[in-house]
Amino acid sequence: MSRAACISLSGLELLPDLAGALYVPDFEALLVADLHLEKASSLARRGVHLPPYDTRATLEHLSFSLAAARPKRLILLGDSFHDDEAHLRIDPSDIAEFARLTRGIDVIWLAGNHDPSPPQALGGHFAEEIALGPITLRHIPAALAEEEFEIAGHLHPAASLAQRGRALRRKCFIGHERRIVMPAYGSFTGGLSVSAEPFQAIFPDGRFDVWMIGGKAIHRFPAGRIR
Amino acid sequence: MDDRPTRLPQVFTDWFRTRGWSPRPHQLEVLEKAQAGYDVLLISPTGGGKTLAGFLPSLVELTREPQRGGIHTLYVSPLKALAVDIARNLETPVSEMQLPVRVETRTGDTPHSRRKRQREKPPDILITTPEQVSLLVADPGAAHMLKDLRAIVLDELHSIVTSKRGVLLSLALSRVRSLAPQVRRIGLSATVADPDALRAWLTPQQGENQRAELVMGKAGAAPQISILKSAERVPWSGHMTRYAIPEIYEAIKQARMTLVFVNTRAQAEMTFQSLWTANEDHLPIALHHGSLDVGQRRKVEAAMAAGKLRAVVCTSTLDLGIDWGDVDLVIHVGAPKGSSRLLQRIGRSNHRLDEPSQAMLVPSNRFEVLECEAARQAAAEGAQDTEYPSVLKLDVLAQHIMCRACAGPFHPDQLYGEVKTAWTYRNLTREDFDRAVEFVTNGGYALKAYERYAKLKPWGDGELRLTHPRLAQQYRLNMGTIVEEEMLKVRLASIKKRLGRRVVTGGRVLGEMEEWFLSQLSGGDTFLFGGEVLRFEGLDEFGALASRTQASDPAIPSYAGGKFPLSTYLAERVRKMLADPKAWPALPAQVRDWLSVQRWKSIIPSPRQMLIETFPRAQRHYMVCYPFEGRLAHQTLGMLLTRRLERMGAQPMGFVASEYALVVWCLRDLSLLISTGRLDLAHLFGEDMLGDDLDAWLAESNLMKRTFRNAAIIAGLIERRWPGKEKTARQMTVNSDLIYDVLLRHEPQHLLLRAAWDDAADGLIDVHRLGALLKRIRGQIVHRALDTVSPLAVPVMLEIGKESVYGEADDALLAEAEDELIDEAMRLV
Chain B
284 MSRAACISLS GLELLPDLAG ALYVPDFEAL LVADLHLEKA SSLARRGVHL
334 PPYDTRATLE HLSFSLAAAR PKRLILLGDS FHDDEAHLRI DPSDIAEFAR
384 LTRGIDVIWL AGNHDPSPPQ ALGGHFAEEI ALGPITLRHI PAALAEEEFE
434 IAGHLHPAAS LAQRGRALRR KCFIGHERRI VMPAYGSFTG GLSVSAEPFQ
484 AIFPDGRFDV WMIGGKAIHR FPAGRIR
Chain L
1039 MDDRPTRLPQ VFTDWFRTRG WSPRPHQLEV LEKAQAGYDV LLISPTGGGK
1089 TLAGFLPSLV ELTREPQRGG IHTLYVSPLK ALAVDIARNL ETPVSEMQLP
1139 VRVETRTGDT PHSRRKRQRE KPPDILITTP EQVSLLVADP GAAHMLKDLR
1189 AIVLDELHSI VTSKRGVLLS LALSRVRSLA PQVRRIGLSA TVADPDALRA
1239 WLTPQQGENQ RAELVMGKAG AAPQISILKS AERVPWSGHM TRYAIPEIYE
1289 AIKQARMTLV FVNTRAQAEM TFQSLWTANE DHLPIALHHG SLDVGQRRKV
1339 EAAMAAGKLR AVVCTSTLDL GIDWGDVDLV IHVGAPKGSS RLLQRIGRSN
1389 HRLDEPSQAM LVPSNRFEVL ECEAARQAAA EGAQDTEYPS VLKLDVLAQH
1439 IMCRACAGPF HPDQLYGEVK TAWTYRNLTR EDFDRAVEFV TNGGYALKAY
1489 ERYAKLKPWG DGELRLTHPR LAQQYRLNMG TIVEEEMLKV RLASIKKRLG
1539 RRVVTGGRVL GEMEEWFLSQ LSGGDTFLFG GEVLRFEGLD EFGALASRTQ
1589 ASDPAIPSYA GGKFPLSTYL AERVRKMLAD PKAWPALPAQ VRDWLSVQRW
1639 KSIIPSPRQM LIETFPRAQR HYMVCYPFEG RLAHQTLGML LTRRLERMGA
1689 QPMGFVASEY ALVVWCLRDL SLLISTGRLD LAHLFGEDML GDDLDAWLAE
1739 SNLMKRTFRN AAIIAGLIER RWPGKEKTAR QMTVNSDLIY DVLLRHEPQH
1789 LLLRAAWDDA ADGLIDVHRL GALLKRIRGQ IVHRALDTVS PLAVPVMLEI
1839 GKESVYGEAD DALLAEAEDE LIDEAMRLV
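Chains as they are written, first to last, in the working numbering: chain B, 284 to 510; chain L, 1039 to 1867.
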């Protein structure tokens, strides 16, 4: 059933999966953005008692993505934790599960605005931003330098389109030939419509494609087809 | 009980006489029973002096023993607009008799200053809404404020008890009773099929079968109901009733003032616009529905009261309300769906009991002709639908526990006992109660992650108390059981050219519309709203922007079926009428012909049978069945049947449900499968489909997500979105669909999932009714294999393509959208 979706950036092949990860075969790297681990327990501090299973659910997705791609390195594009104290609340079983999943894999944490300095507890390296060949990976999309390519997160893109009188809204990848913004990966992360102002700022001429994440396949649409 | 005189005090008898009235027997009977200390249920038609009957015991008591400072009587009315009118009406006897009685109102709109004053100097009679009773008992000062309370009067009780509002109110009443055990309750109700349920609801349950005393008012004159016998052709399907507009207009012209009732906002818009086009005499005709701006609605109501209008097109927003005196005709456009609703709506005209109300029913299609005729006969007999009070809602219980905690520390044992005195919770188990307390405390999850963030903590002798006063504030903002669809404001756009660009800015607010509807419009789409054709310009952070347009053919909101399903009682009558050709002469000739041809080409089933027809058409094979159980139950049946047909290898492609019938289409030849015994209809429609098939479907169904959201808001798991607060709220909230997915996977037995399932079974998927259907048709299925579509099947066949195929086809739609693009791109010319 699955359609072989492929996004190309700067001549590199990028393979999105149904959980919202992006695999880069040339570098054997799996990219994920905006896990927001421990979002539920963060809200619980203010008396909102959402199911305390969001970290577990997100790691479950991650195990699928890792099993399918079998990467050498895992790069988390920031906002991996919902706040700076999340590592104090995360359940030890979840830490163990993360260690099990990433055994033998290089883990690189990029800084996000929610987690400017990701905790040491889960191991791995830390960086503000890094280069993956010709592509810069960072959390917040930046003004592109000449000849620069970028993959970023932060904005939680989601797109909707109308088909047969039904409005369909899905998390999505959004991009053009210079830049890709990844969907939020975390199980309790919502989406921001790609028609919202922050996307106009980084795609000022309104020219972009989206790759909407369906239940069985990734579906690509040009900006003109979505709303 | 006591030896006080039950006679009316002189001042009351005099007052009745000066007005040329005498107290009605049921008013005196209520007075007598209330004075003897009983709870009383008064059932009486509109215009029977019901409101005064409710107040009379309090007025008499307050006259004899002027009040000592606390509230004496709470009068609870379901509509806040009504509260003000009732207070005004009550002022007349109070001031004319110069009674020492102070009357005030308290609703969600009452300013803070007045609430404060009411606390310091309570009125004798407080007229309020169900939610306000909960807020009253949530107040730490509740015990003091209610110490002198003697009576609670519950208006429109029949309408309150069928919803979660009633369930919440019943819990608040159980609390009031603990604070003021001497209180007697008086329930006022329209005629209902089963008064005993209301009598039990009304009174505290301690022993077996406790019931309030029953007083019956005198029935009014039977209404005169006609069905429009149109000279035009009655359509085969559809709900817009355009064919009858000239005849409706003519009827409005003949009457003094007409209420035109419809079932949905879309029908209201359509009917109003068509009438406006037909309005050559410039009659003042107005529109009234729940999405219009409140100010605009109040204007219409005021113009109505002042007799300045000739007609108002309205939805259920005007089902309840005070008398407008001058209404002399009620027109019901579309089938009324239930006998009780029809009687209630007809009661809106001519409030004088001794004169019959006038009403005309306008069916919008052929099946509705049958339904209207059934409703007409039922209403003429005064027969009511049976509507059961809503009971034992776990989400509402959670909200009430929070309410109790806001008032101060409580002991769970004591609260459990108190809650059980409410008839609605008489069967609550201690286990479920404890789970609800745990839910309020820390979310109630098996994984104990939130103990340090608990909302309740132990205190003293096994008591529990709030951990932070902020929680009480949160409760007050989020309490209540009415969860609106997510609505967006619609504003009039002003469009300017600036530097060659089209700049759209927002202006006056026109009203609100459902977000799901607006979210499927694209710029330039036209739609009907507030009686105008609007052009959708786009969304901004405050809502939708739209401009006026000259377009005459708007993209009308897709008719999402009636808001109310066909009542069980009426469905049975329709089946009987259909089965009995002797009843057909009451029907218009074109409908008679339709049924006669059906009898010739297929069969007319007997009332107990269910007919199933199979026939081929354009490469597909159709199966149509006629359960007459309402669209919701049919949709559920359709979902489950397609799953089963899939397993049986019939290759189902889709289905469409109407109020009366269900059609499923498949790739395989159904007639052949049935005749060769490879498809067994009795097995296909077996009652076991409500087991595993139902569970499997529901788990992945979007419907559960909707009921889950409502339960999560009512139970206090997620907060309501308040206008203006959306931005900050977004930081705090998580989409309820995501919560549902995670909870279902990791804790499927959670209290909120049970609450959501319970709601879905009652409402959106109507499992109870489907279960009754499957039982009814056991051994009663008749099958006809036909060469072609039958007359009876035509209406539901016409719905195919209009109604989007229901279900979980989202992924298919996404794929289809993408394929269309690919096809377009690959086309060579």
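C-beta atoms are modelled at their ideal positions from N, C-alpha and C, and glycine is treated no differently.
Give every residue of the same chain whose Cβ lies closer than 7 Å to the Cβ of Phe-1448/L, excluding the five residues on either side of it in the sequence, and list them in chain order. Arg-1442, Glu-1501 and Leu-1502
Residue range of the beta strand (DSSP E) that includes Val-1371/L: 1367-1371
Interface residues of the region 334-345 of chain B facing chain L [CB-CB below 8 Å]: Pro-334, Pro-335, Tyr-336, Asp-337, Arg-339 and Ala-340
If contact means a Cβ-Cβ distance below 9 Å, which residues of the region 1770-1789 of chain L contact chain B? Answer in chain order: Met-1770, Thr-1771, Val-1772, Asn-1773, Leu-1776, Ile-1777, Asp-1779, Val-1780, Leu-1781, Arg-1783, His-1784, Glu-1785 and His-1788.
Proximity test, Cβ basis, 8 Å: Phe-471/B and chain L: yes
Coil, strand or helix - Phe-310/B by DSSP: helix
Taking the alpha helix (DSSP H) that Gln-1065/L falls in, what are its first and last residues? 1063-1073
Determine the closest residue to Leu-420/B out of Gly-474/B, Met-465/B, Gly-507/B and Ile-485/B, with distance taken between C-alpha atoms. Residue Met-465/B is the option with its Cα nearest to Leu-420/B.
Mind checking which residues open and close the alpha helix (DSSP H) that includes Met-1677/L? 1669-1685
Delimiting residues of the alpha helix (DSSP H) encompassing Pro-1450/L: 1450-1458
Element boundaries [beta strand (DSSP E), containing Lys-1495/L]: 1494-1497
Phe-503/B: contacting residues in chain L (beta-carbon distance under 9 Å): The question names Phe, but residue 503/B is Arg in the sequence shown. Chain L residues near Arg-503/B: Glu-1856 and Leu-1859.
Using the C-alpha atoms, what's the distance from Thr-1353/L back to Thr-1054/L? According to the sequence provided, residue 1054/L is Phe. The question's Thr does not apply to it. One C-alpha to the other measures close to 36 Å.
Whether Leu-1604/L touches Glu-1288/L by CB criterion (8 Å): For Leu-1604/L and Glu-1288/L, no; Cβs fall outside 8 Å.
Three-way DSSP call (helix, strand, coil) for Gln-1248/L in this model: DSSP, read as helix, strand or coil, puts Gln-1248/L in coil.
I think Ile-388/B touches Leu-438/B, with their Cβ atoms under 8 Å apart; what is that distance to the nearest whole Å? Actually they do not touch by this definition, with Cβ atoms about 26 Å apart.
Cβ of Arg-328/B within 8 Å of any chain L Cβ: yes
Proximal residues to Glu-1134/L (C-beta, below 7 Å), its chain only, five neighbours per side dropped: Trp-1053
Bounding residues of the beta strand (DSSP E) (the contiguous stretch that carries Leu-444/B): 440-446 is the span of the beta strand (DSSP E), which, as asked, contains Leu-444/B.
Show which residues of chain L have a CB atom less than 9 Å away from the CB atom of Met-465/B. Correct list: empty, because the minimum Cβ distance to chain L is about 18 Å.
To the nearest angstrom, report how far apart Arg-1140/L and Asp-1779/L are at their CA atoms. 53 Å
Ser-1567/L lies in the beta strand (DSSP E); which residues open and close that run? A small correction: the amino acid at residue 1567/L is Phe; Ser does not occupy that position in the sequence shown. Per DSSP, Phe-1567/L belongs to the beta strand (DSSP E) from 1564-1567.
Would you report the Cα separation of Leu-1046/L and Trp-1059/L, rounded to the nearest angstrom? Taking the straight line from one Cα to the other gives about 14 Å.
Environment of Lys-1620/L [buried if 16+ CB atoms lie within 10 Å]: exposed
Within 10 angstroms of its Cβ, does Val-1701/L collect 16 or more other Cβ (buried), or is it exposed? The residue in question, Val-1701/L, is buried, as its Cβ has 16 or more Cβ neighbours within 10 Å.
For Ser-324/B, which residues in chain L fall below 9 Å Cβ to Cβ? Ala-1487, Tyr-1488 and Tyr-1491
Determine the burial state of Arg-1613/L: buried for a count of at least 16 other Cβ atoms within 10 Å of its Cβ, exposed for fewer. buried
How is the alpha helix (DSSP H) around Thr-1130/L delimited, first residue to last? 1118-1134
Could you tell me if His-1320/L is buried or exposed, where buried requires 16 or more neighbouring beta carbons within 10 angstroms of its beta carbon? When all chains shown are included, His-1320/L counts as exposed.
8 Å is my cut-off, CB to CB: does Gly-1599/L come that close to chain B? Unreliable placement is indicated for Gly-1599/L, whose pLDDT of 40 sits below 50; the coordinate value is still reported in the next sentence. Judged by the 8 Å Cβ criterion, Gly-1599/L is not in contact with chain B.
Look at the alpha carbon of Leu-1851/L and the alpha carbon of Ile-1838/L, and state the distance between them as a whole number of angstroms. 17 Å
Inter-residue Cα distance where the pair is Ser-1329/L and Leu-1577/L: 18 Å
Which residues of the region 1474-1485 of chain L have a Cβ closer than 7 Å to any Cβ of chain B? Give them in chain order. Asn-1480, Gly-1481, Tyr-1483 and Leu-1485
Run through chain B and tell me which residues come within less than 7 Å of Leu-1502/L, C-beta to C-beta. Correct list: empty, because the minimum Cβ distance to chain B is about 15 Å.
Suppose the cutoff is 6 Å on Cβ atoms and the five residues either side in sequence are ignored; what does the same chain contact list for Glu-411/B look like? Taken in chain order, the residues that qualify are Ala-394.
Short-range partners of chain B found in the region 1743-1756 of chain L, where Cβ spacing is below 8 Å: Leu-1755 and Ile-1756
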